[in-house]
Each structure stands twice: as C-alpha cells, then as structure tokens.
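When the letters of the sequence shown are read in order and numbered with the numbering used here, they come out as residues 2 to 162.
Each residue gets a CB set at the ideal place from its N, CA and C atoms; glycine is no exception.
So the structure is just underneath, and the comments pick up after that.
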Amino acid sequence: MNRIVVYPGSFDPVTNGHLDIIKRAAQVFEQVIVAVFHNPQKKPLFSMEERVELLKEVTKGLDGVSIDYFTGLTIDYVKSREAIAIIRGLRAISDFEGEFQMASLNKQLDGEVETIFFMTDTKYAYLSSSVVKEVAQFGGNIEELVSDSVKAALQKKYGVG
Ligand code: PNS
Numbered sequence: 002m003n004r005i006v007v008y009p010g011s012f013d014p015v016t017n018g019h020l021d022i023i024k025r026a027a028q029v030f031e032q033v034i035v036a037v038f039h040n041p042q043k044k045p046l047f048s049m050e051e052r053v054e055l056l057k058e059v060t061k062g063l064d065g066v067s068i069d070y071f072t073g074l075t076i077d078y079v080k081s082r083e084a085i086a087i088i089r090g091l092r093a094i095s096d097f098e099g100e101f102q103m104a105s106l107n108k109q110l111d112g113e114v115e116t117i118f119f120m121t122d123t124k125y126a127y128l129s130s131s132v133v134k135e136v137a138q139f140g141g142n143i144e145e146l147v148s149d150s151v152k153a154a155l156q157k158k159y160g161v162g
C-alpha cells in the first residue's frame with residue numbers, strides 16, 4: 002500500500018520546526034504532501050505562490066515530499082489525494098486543545114481519515130511562523146529558526162537585514 006499523508010497548514014512562512022516534521026513524516030510514510038491552506042478570510046504575509054515556492058525550496062531533495070495548495074475543507078482535500086492521514090505537529094500543551102478539536106472534527110467529517118501527531122523536537126518547542134515574523138520585522142536574528150531562503154524572503158518583505 003502506498004501510504005500517502007497530507008501535512009496541511011498556513012506555512013506563512015515555513016519554519017525549521019515545520020521542516021523537522023516534514024523530514025520525520027517522510028521517514029515513516031511513502032508520500033508526504035505538504036498542503037498550503039488558502040484562507041480567503043485571512044491576509045497572510047506571503048502570498049500562496051510565495052509560500053509554495055519557499056516550501057519547494059526548503060524541501061528540495063527530500064524523497065517522497067511534494068508541495069501543493071488547497072482551499073475548502075482539509076478533509077475534502079485529503080480524500081481527493083487519496084491520503085490515509087493528516088499530519089500535524091504538536092509543540093507545547095497549549096497546542097493540544099485546538100489540535101484535539103480539529104482532529105475530532107475531521108474524524109467526525111470522515112471516520113476513515115486519521116490525524117497523526119509528531120511531537121516537536123524540543124529545540125523547536127517555542128517556534129511558530131508568528132514569532133519568526135515578529136523577530137524578523139524588528140531585525141532580530143532568525144538564523145536558527147528558518148532556512149536561508151526564508152530568512153532572505155522575510156528580510157526583503159520587511160526591508161531589513
Ligand atoms: O498552520 P495552521 O494555521 O495551524 O493550519 C491550520 C489548518 C490550515 C490545518 C486548519 O485551519 C484547516 O484545516 N483549515 C481548513 C478548513 C477546515 O478543514 N476546517 C475544519 C477543520 S478545523
């Protein structure tokens with residue numbers, strides 16, 4: 002069986018924490034589709050094209066990993082790609098409630114699709130796209146938090162660095 006999984010998210014932008022989850026998921030499953038969610042209600046810093054491009058850049062050379070985007074329900078996208086599970090990363094306990102709600106809702110929408118969690122590497126436990134943007138905006142050092150291409154893209158957006 003070709004075990005396809007979907008790792009959905011905003012990825013605005015992809016951080017080293019996301020990348021760690023992608024790499025680990027790719028060691029367990031044959032195909033990992035990293036899917037950027039287009040939320041018409043939100044105004045992200047990076048456009049859909051930019052987020053997809055950055056993800057392609059940072060996952061270059063990773064076997065079994067592909068990048069895509071979607072709008073609408075995650076569960077519908079997962080079914081359309083014939084995936085068996087949704088991958089999510091869990092950082093601190095504070096993530097649990099929202100993730101539990103999302104996983105339960107998705108399970109209720111389609112009982113066949115599992116949500117599988119990867120615990121974050123402790124060195125990324127505090128890391129999120131939001132904190133990266135905040136630090137980058139004020140010219141802080143984001144070297145350890147994102148890849149070089151993401152760092153460059155952030156510095157360009159904020160006109161710093
Ligand atoms: O990176 P994020 O912002 O934590 O990702 C959240 C995401 C995109 C996975 C979640 O908001 C989502 O699945 N949105 C798609 C709409 C949907 O399916 N909603 C029902 C489940 S909450």
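Check: Near the ligand PNS: Pro-204 beta-carbon under 7 Å from a heavy atom; Outcome: There is simply no residue 204 to check, as the chain begins at 2 and stops at 162 in what is shown.
Check: Any non-hydrogen atom of the ligand PNS within 7 Å of Met-49 CB; Outcome: no
Check: Backbone CA spacing between Asp-77 and Val-6 [nearest angstrom]; Outcome: 13 Å
Check: Beta-carbon proximity of Arg-52 to Phe-97, cut-off 8 Å; Outcome: no
Check: DSSP bridge partner residues for Gly-140 (one or two, in chain order); Outcome: Answer is none; Gly-140 lacks a bridge partner.
Check: Arg-89 and Thr-116 closer than 8 Å at C-beta; Outcome: yes
Check: Lys-157, buried or exposed, once every other Cβ within 10 Å from all chains shown has been counted against 16; Outcome: exposed
Check: Straight-line gap, Val-37 to Ala-84 (C-alpha atoms, nearest Å); Outcome: 15 Å
Check: Chain-order list of residues whose beta-carbon lies under 8 Å from that of Ala-27 (same chain, five-residue window excluded); Outcome: Val-33, Leu-63, Asp-64, Gly-65 and Val-66
Check: Exposure label - Gly-18; buried when at least 16 CB within 10 Å; Outcome: buried
Check: Cβ-heavy atom distance, Ile-76 to the ligand PNS, below 7 Å; Outcome: yes
Check: Boundaries (first-last residue) of the beta strand (DSSP E) holding Val-6; Outcome: 5-10
Check: Three-state secondary structure (DSSP) of Leu-91; Outcome: strand
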